[in-house]
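Every number in the working numbering is 559 more than the matching position in the sequence shown, counting from 1.
Glycine included, every Cβ here is placed at the ideal spot set by N, Cα and C.
Just so we're clear, the structure is a prediction, and the values are computed from it rather than from any experiment.
Step one of this worksheet: look at the structure below.
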Amino acid sequence: MVRATWIRAITISAALLLAGATQPPPAWLYPPRSSTVPRPPVPHALAGSTLHPTDDELETMTAVVDWYPGDHPAAPAAVMGPTGKANACGYCHMPNGAGRPENASLAGLDAAYIRRSVHAYASGTRESSEPTFLAFKLMRLTALAADDTAIDAAAQYFSRLPRHAFGRVVESAAIPVPIGDAMVYRPDPSGKREALGDRLIEMPDDFGRFEARDSHLGYTAYVPPGAIAQGATLASGMAAAGPPACTACHGGDYNGTAIAPPLAGRSPTYLARQLINYRSGARHGDQAVAMHAVAAHLTDHDVIALAAFMASRPVPRAGLPRTGADQR
């Protein structure tokens with residue numbers, strides 16, 4: 560009986576994937592690695608830190624510049640380096656697990672979930688709808704180079720950290736002209752604005768601090784007017800022909816359950832990419848079957864709305880928030 564149920568679920572999932580795969584990923588969701596517009600300077604000192612790293616130290620992926628060591632407990636080499644072949648997890652995901660828009664926030668995730676995710680990258684069951692996107696390629700290479708001992712150490716470490724509110728979601732018809740750079744967006748220095756249209760554009764509140772890998776930095780995500788309310792309707796399962804209620808797996812407050820990760824307060828860019836990956840079938844392991852049915856018929860506008868709503872939900876206040884002017 561169990562085998563028959565799984566066969567039926569996989570058959571239905573395959574049919575839904577064919578429908579979802581016909582919708583290409585939106586180009587605006589994958590900012591380029593670099594831009595021709597000059598960048599602002601990268602600071603070599605940050606408020607609240609005693610460090611003065613060099614450019615080379617900031618760019619070394621196998622050893623992490625830890626601006627704020629008081630934010631977190633002692634971290635294993637898998638997180639901070641030196642790591643040998645594999646990149647240090649804290650380089651992209653931050654020593655406090657806060658993450659950035661081009662990758663996942665790991666703080667407070669279940670350790671087993673983190674381990675499964677790393678193995679899925681290594682095995683090829685967790686891919687990207689845009690396989691040339693550099694952040695995905697870096698994660699794939701890191702997963703392939705890491706051994707089980709390192710993966711387990713990092714998973715245990717991040718699972719014990721408090722979660723962080725990522726930033727703020729702003730509904731607006733017009734936004735600063737975005738420049739795709741370093742896999743995120745930054746505002747054009749001219750100060751010009753343009754129509755947002757049907758996009759989700761997330762920017763660090765200070766691009767220089769972003770390039771310095773400041774884990775206290777906040778982010779602003781611009782979404783179309785009405786997107787948050789539309790996302791609430793979709794998430795509740797009340798939309799005609801929409802997905803089932805997200806609370807069934809992710810909890811009544813969207814802060815996660817034993818079977819599904821938290822969605823509240825996460826980067827809306829990251830959430831949107833994952834919905835697109837489920838829609839296209841890029842994420843296709845056993846753990847992805849349930850999400851295929853949810854995401855296969857979502858439009859790009861639905862994805863924006865759901866991501867905006869989830870990102871605007873509160874995170875439990877137990878942990879260290881991002882600090883200073885960027886605290887949300």
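For residue i versus residue j, is the C-beta spacing smaller than 7 Å?
| i | j | result |
| --- | --- | --- |
| Ser-839 | Ser-688 | yes |
| Ala-831 | Val-862 | yes |
| Pro-827 | Ala-780 | yes |
| Thr-684 | Gly-790 | no |
| Pro-590 | Gly-750 | no |
| Glu-770 | Val-601 | yes |
| Pro-821 | Asn-814 | yes |
Under DSSP, the beta strand (DSSP E) around residue i begins and ends at which residues?
| i | result |
| --- | --- |
| Met-762 | 760-763 |
| Asp-740 | 737-740 |
| Glu-730 | 726-730 |
| Pro-746 | 743-746 |
| Thr-779 | 778-782 |
| Arg-752 | 752-754 |
Taking the straight line between their C-alpha atoms, what separation do you get for residue i and residue j?
| i | j | result |
| --- | --- | --- |
| Gly-801 | Leu-610 | 50 Å |
| Arg-592 | Ile-760 | 16 Å |
| Cys-805 | Thr-816 | 11 Å |
| Ala-713 | Glu-618 | 21 Å |
| Phe-695 | Glu-686 | 8 Å |
| Asp-812 | Pro-635 | 32 Å |
| Ala-622 | Asp-669 | 25 Å |
| Thr-795 | Asp-614 | Correcting the residue type first, residue 795 is Ser in the shown sequence and not Thr. Their Cα atoms are separated by approximately 47 Å. |
| Ala-870 | Ala-864 | 10 Å |
| Ala-866 | Phe-766 | 22 Å |
| Ser-608 | Leu-776 | 13 Å |
| Lys-644 | His-723 | 29 Å |
| Asp-747 | Ala-732 | 17 Å |
| Arg-727 | Ala-841 | 28 Å |
| Asn-662 | Glu-730 | 23 Å |
| Ala-705 | Arg-872 | 34 Å |
| Arg-745 | Pro-803 | 35 Å |
| Ala-671 | Val-853 | 23 Å |
| Trp-587 | Pro-763 | 16 Å |
| Gly-667 | Gln-715 | 10 Å |
| Thr-858 | Pro-628 | 42 Å |
| Leu-575 | Ser-594 | Legend: pLDDT at Leu-575 = 47, less than 50; position of this residue unreliable, value from coordinates given subsequently. Computed Cα separation, rounded: 37 Å. |
Applying the criterion that 16 or more other CB atoms from any shown protein chain within 10 Å of the CB defines a buried residue, is residue i buried or exposed?
| i | result |
| --- | --- |
| Met-797 | exposed |
| Ile-673 | buried |
| Glu-753 | exposed |
| Thr-701 | buried |
| Gly-785 | exposed |
| Val-677 | buried |
| Ile-818 | exposed |
| Pro-584 | buried |
| Gly-824 | buried |
| Gly-658 | buried |
| Ala-855 | buried |
| Thr-642 | buried |
| Pro-599 | exposed |
| Asp-707 | exposed |
| Gly-640 | buried |
| Pro-741 | The question names Pro, but residue 741 in the sequence shown is Ala. So Ala-741 ends up on the buried side. |
| Ala-847 | buried |
| Pro-690 | exposed |
Residues in its own chain within less than 7 Å of residue i by CB, not counting five upstream and five downstream?
| i | result |
| --- | --- |
| His-631 | Pro-654, Asn-655 and Leu-720 |
| Pro-612 | His-603 and Val-624 |
| Arg-562 | With a pLDDT of 44 at Arg-562, under the threshold of 50, the modelled position of that residue is not reliable, and the figure given next carries that caveat. Contacts found: none. |
| Phe-868 | Ile-787, Gly-790, Ala-791 and Ala-794 |
| Asp-773 | Leu-605 and Trp-626 |
| Leu-665 | His-652, Gly-656, Gly-658, Ile-673 and Phe-717 |
| Pro-660 | Val-743, Glu-761, Tyr-778, Ser-826, Thr-828 and Tyr-829 |
| Gly-810 | Thr-816 |
| Gln-582 | Arg-838 |
Please list, in chain order, all residues of the same chain as residue i whose beta carbon is under 6 Å from its beta carbon, the five residues on each side excluded.
| i | result |
| --- | --- |
| Phe-692 | Tyr-589 |
| Met-620 | Asn-646 and Tyr-650 |
| Gly-756 | none |
| Asn-836 | Ser-688 and Arg-842 |
Starting from residue i, trace the alpha helix (DSSP H) in both directions and tell me its first and last residue.
| i | result |
| --- | --- |
| Glu-616 | 614-618 |
| Ala-633 | First-last for Ala-633: undefined, no H or E at that position. |
| Thr-792 | 786-795 |
| Ala-866 | 859-871 |
| Arg-674 | 670-682 |
For residue i, which residues from the same chain have a beta carbon less than 8 Å from its beta carbon, with the 5 sequence-adjacent residues on both sides left out?
| i | result |
| --- | --- |
| Met-698 | Cys-651, Asn-662 and Tyr-680 |
| Leu-577 | Only weak support is given to the placement of Leu-577: the predicted model assigns it a pLDDT of 49, under 50, and the value that follows is read from those uncertain coordinates. Taken in chain order, the list of residues that qualify is empty. |
| Cys-648 | Ala-637, Val-638, Leu-665, Thr-701, Ala-713 and Phe-717 |
Could you check whether the Cβ of residue i sits closer than 7 Å to any Cβ belonging to chain C?
| i | result |
| --- | --- |
| Ala-852 | The structure shown contains no chain C, having only a single protein chain. |
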